[in-house]
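Visitor: Just so you know, the sequences run in chain order A and B.
For the first sequence, our numbering assigns the number 3 to the initial residue and increments by one for each residue that follows.
For the second sequence, our numbering assigns the number 3 to the initial residue and increments by one for each residue that follows.
Take a look at this one; I'll ask things after.
Number of protein chains: 2
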Amino acid sequence: MSNNVQTPSRATAFDAPHDLVKEIIYQIRRLLQARELYTKELNKKYQVSAPQLNCILALYENGPLPPSQIAKYIMVKSSTVTGIIDRLEQKGLVTRLRNSPDRRVITIELTEAGKRLANNAPPPIQQKIIDGLKRLPEGEIEEIVRGLTKLTYMLEVQDLPVE
Amino acid sequence: MSNNVQTPSRATAFDAPHDLVKEIIYQIRRLLQARELYTKELNKKYQVSAPQLNCILALYENGPLPPSQIAKYIMVKSSTVTGIIDRLEQKGLVTRLRNSPDRRVITIELTEAGKRLANNAPPPIQQKIIDGLKRLPEGEIEEIVRGLTKLTYMLEVQDLPVE
DNA sequence: TAAATAAGATTTGAATTGAAATATTCCGTC
DNA sequence: GACGGAATATTTCAATTCAAATCTTATTTA
């Protein structure tokens, strides 16, 4: 992936849809802030943050995984996963196992408490989005997906570096 | 805004567009990671991060502002702004002024170096989107805006809490 | 006027994030 | 078997983010 910083080229009067672009940037920033506020709230009420919850759900859906795999599922670097696992382990929700023939690999496994949490967990994003989308005709949902996909494609994260 | 964590209601087979919802969550996560990778790269090449740059641009476009106003422009809480200003001040790009009759208020002002940076600034993440969007017909851009707006509307972040 | 309240900025503390450096282990080649 | 490189996990470091608490200053109320 080429994530290169480009040479400055400030928008001019000739950039056709400049206001629309501003609107898009603005909406993206809103999405991200909503996400951030939600994870803080989650943490207060359930003592588990969104990244931690995503990690738990990845393990619940896929079985025990090494950190490198978790990183791919939840789309963060593996150095980030280490910290998340640390905190989940402190809470007794996961355990680190060294049971692979390859002794570089460790396996992260849900404890019983971790499985219980996975079953009763709040959704990893606002229920509002899920509920809101349920009320839309499938065509509109597809439109949203198309739009987002175009954006991520522009950002060249289609092929996220696997590290 | 009520951003409350709602009672768990895991999606079931009866949730029609479940995979599409997952796809949406996935794409949002991608947007976030793209933003994060970009800001690291920016920081390495220009010694200024994306939030710092956005702060500089907000000041450039609107003139000197107090931290509380900057927070609104770049959509973060004001305690976050304090840290950003600290680092910009250390780099000599902005200065804190106490020139308001209300002595609680401080004003952040660009230095000459700060103005130079604003003029020659590397593009914030926007530029990639701008360049990408230039190649799309206006109708598709509007589609993207519509989709994002629907999402943020669902989150009821239309009225982001001002703090 | 005195006390309570509000507003603006900051401090503190915890979590996330990724780059870079560091171990540890494995694997191929010599 | 020894060495060099690749893979896996971790550590370290700096930046961002927000909530909550704190400090200072204004404003309102009693």
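The beta carbon of each residue, even a glycine, is placed where N, CA and C say it ideally should be.
Taking just the CA atoms, how far does T82(A) sit from L90(B)?
Guide: 26 Å
Visitor: Grab me the residues of P69(A)'s own chain with a C-beta within less than 6 Å of its C-beta, minus the 5 sequence neighbours each way, in chain order.
Guide: S80 and V83
Visitor: Sorry if obvious, but does the Cβ on E114(B) come closer than 7 Å to a heavy atom of the ligand FAD?
Guide: Of ligands this structure carries none, so the ligand FAD is not represented either.
Visitor: With 8 Å set as the bound, which would you pick, yes or no: does the beta-carbon of M77(B) sit closer than that to a beta-carbon of chain A?
Guide: yes
Visitor: For S51(A), which residues of its own chain have a beta-carbon under 7 Å away from its beta-carbon, when the five flanking residues on both sides are left out?
Guide: T41, L44 and N45
Visitor: With 9 Å as the C-beta to C-beta threshold (strictly closer), list the residues of the region 21-34 of chain A near chain B in chain order.
Guide: L22, V23, K24, E25, I26, I27, Y28, Q29, I30, R31, R32, L33 and L34
Visitor: Does chain B have any CB closer than 8 Å to the CB of A36(A)?
Guide: yes
Visitor: Got a sec: is the Cβ-Cβ distance from K117(A) to anything in chain B below 8 Å?
Guide: no
Visitor: Report yes if the CB atom of V96(A) is closer than 8 Å to the CB atom of T109(A), and no otherwise.
Guide: no
Visitor: State the Cα-Cα distance for the pair I146(A) and D104(B), rounded to the nearest angstrom.
Guide: D104(B) has its alpha-carbon roughly 46 Å from the corresponding atom of I146(A).
Visitor: If you measure between the beta carbons of R98(B) and I87(B), is that distance less than 8 Å?
Guide: yes
Visitor: With C-beta atoms as the reference, is A120(A) less than 8 Å away from I58(A)?
Guide: yes
Visitor: Return the CA-CA distance between Q35(B) and R37(A), expressed in angstroms with no decimal places.
Guide: When rounded, the distance between both Cα atoms is 13 Å.
Visitor: Please name the residues in the region 86-106 of chain A whose beta-carbon is closer than 8 Å to at least one beta-carbon of chain B, in chain order.
Guide: none
Visitor: With a threshold of 16 other CB atoms inside 10 Å of the CB of P163(B), please say whether the residue is buried or exposed.
Guide: Below a pLDDT of 50, predicted positions are generally treated as unreliable, and P163(B), at 48, falls in that range; the measurement from the model is reported next regardless. The residue in question, P163(B), is exposed, as its Cβ has fewer than 16 Cβ neighbours within 10 Å.
Visitor: Return helix, strand or coil for R98(B), following the three-state DSSP convention.
Guide: strand
Visitor: Looking at I76(A): is its Cβ nearer than 8 Å to the Cβ of L153(B)?
Guide: Cβ distance not < 8 Å, so I76(A) and L153(B) don't count as in contact.
Visitor: Drop a sphere of 10 angstroms on the beta-carbon of P126(A), count the other beta-carbons inside from all chains shown, and report buried for 16 or more, exposed for fewer.
Guide: buried
Visitor: Quick check: the Cα distance between I72(B) and L61(B), rounded to an integer number of angstroms?
Guide: I72(B) and L61(B): Cα-Cα distance of roughly 8 Å.
Visitor: In whole angstroms, give me the CA-to-CA distance for I26(B) and L33(B).
Guide: 11 Å
Visitor: Tell me the rounded alpha-carbon separation between E111(B) and K117(B).
Guide: 10 Å
Visitor: Exposed or buried, which one is S11(B) when buried takes at least 16 other CB atoms within 10 Å?
Guide: In this prediction, S11(B) scores a pLDDT of 44, lower than 50, which makes its location untrustworthy; the coordinate-derived value is nonetheless stated afterwards. It counts as exposed.
Visitor: At 7 Å on the CB atoms, spell out the chain B contacts of Q224(A), in chain order.
Guide: The question about residue 224(A) has no answer, for chain A in this structure spans 3 to 165.
Visitor: Look at M156(A) and G134(B) and say whether their C-beta atoms are less than 8 Å apart.
Guide: yes
Visitor: Would you kindly check if the distance between the Cβ of Y28(A) and the Cβ of P124(A) is under 8 Å?
Guide: It is not a contact, given that the beta carbons lie outside the stated cut-off.
Visitor: Quick check on V164(B) - is its C-beta less than 8 Å from some C-beta in chain A?
Guide: At V164(B), the pLDDT of 47 sits below 50, so the modelled position is not reliable; the number obtained from the coordinates is stated separately. Taking Cβ atoms only, chain A never reaches closer than 8 Å to V164(B), which makes this a no.
Visitor: Decide if N122(B) is buried, meaning its Cβ has at least 16 other Cβ atoms within 10 Å, or exposed.
Guide: exposed
Visitor: In the DSSP assignment, find the alpha helix (DSSP H) that holds L138(B) and state where it starts and stops.
Guide: For L138(B), there is no enclosing alpha helix (DSSP H), since its DSSP letter is neither H nor E.
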